[in-house]
Structure formats: C-alpha cells, structure tokens
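In our numbering, the protein residues as written are 1163 to 1276.
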Amino acid sequence: MKTFRNHVQLIGRLGADPEVKNLEKGMKVARLSLATNEVIMRQGKRVEETSWHRLVVWGKLASTCEQYLRKGREIAVSGKLTYNTWKDNKGQMHTDTQIVVSELLLLGSPAAAR
C-alpha cells in the first residue's frame, strides 16, 4: 500500500492551452487547467458538476504537452498532490493546491479538442 500514498489519477478535458515556460539549462515546465465532470443527484434531478484542477508538468513531459495538448483535449494524468503556501505583499496568507504530473495519456483524437 506504500505506493498508494499521495497518488492522484484524473481523466478530464483541458480548459485552456498549456502555459509552457523555458527554464535554465533547457528545462521546461507546463501548467495545465483540467476539468473533471461528475453527475450527482440534487433534489431528485441529475446534475453535472465540474471541478477544476491545476496541473504542473516538468521536463520532457512538459515538451509533450507543448506539442500535443490544446484546449478541450481529453487526457488522463497520474501524479501527486502538492500544497504551496505564501504571503502576498499585503500580508495575507494564500494556499494553492496542484497536482505534479508524473504520467500523462492522450485520450480521444486531437480533432476532438475544441
């Protein structure tokens, strides 16, 4: 069960094209916004709820994102949940949750991306 600690798997669609940055020594980082949908019952009616997830992808996998991913593309990801806490210039604390992606699968066809 050790391998299941802090492990996230999601399937969803990209809400925007990847934001890719080139860092020092040729390293790349890509930031993605992933929407996942779930159908729930609310007051006897089926309602679809969308949740948004921030993804961070490093290295060669970030290059793959830059080359193949576009808004609307369906993907499956696997990774770990991370939390960043910081204080802004007004002294207020903020927390950001993101998934650091270790594996990514392209689902569907590129033409299906909207």
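Backbone N, C-alpha and C define an ideal beta-carbon position, used for all residues, glycine too.
Whole-number beta carbon distance between residue j and residue i, since they are thought to touch under 8 angstroms
| i | j | result |
| --- | --- | --- |
| Gln1260 | Arg1204 | About 28 angstroms; that fails the 8 angstroms criterion. |
| Glu1228 | Val1182 | 4 angstroms |
| Val1239 | Leu1172 | 5 angstroms |
| Leu1176 | Ser1195 | 7 angstroms |
| Asp1179 | Lys1233 | 5 angstroms |
Coarse secondary structure for residue i, derived from DSSP in three states
| i | result |
| --- | --- |
| Gly1221 | helix |
| Lys1187 | helix |
| Gln1229 | helix |
| Arg1193 | strand |
| Gly1241 | strand |
C-alpha distance - residue i paired with residue j, whole-angstrom precision
| i | j | result |
| --- | --- | --- |
| Ile1202 | Arg1235 | 24 angstroms |
| Gly1221 | Thr1247 | 24 angstroms |
| Lys1249 | Ala1197 | 27 angstroms |
| Asn1168 | Thr1226 | 24 angstroms |
| Thr1244 | Ser1213 | 17 angstroms |
Residue i, buried or exposed, once every other Cβ within 10 Å from all chains shown has been counted against 16
| i | result |
| --- | --- |
| Leu1266 | buried |
| Gly1174 | buried |
| Leu1231 | buried |
The beta strand (DSSP E) enclosing residue i, as first and last residue numbers
| i | result |
| --- | --- |
| His1256 | 1255-1268 |
| Arg1167 | Careful: Arg1167 lies outside any beta strand (DSSP E) and carries neither H nor E. |
heavy atom of the ligand NAP below 6 angstroms from residue i C-beta
| i | result |
| --- | --- |
| Leu1231 | Inclusion of the ligand NAP in the displayed structure is not the case, the ligand content being empty and no account of it being possible. |
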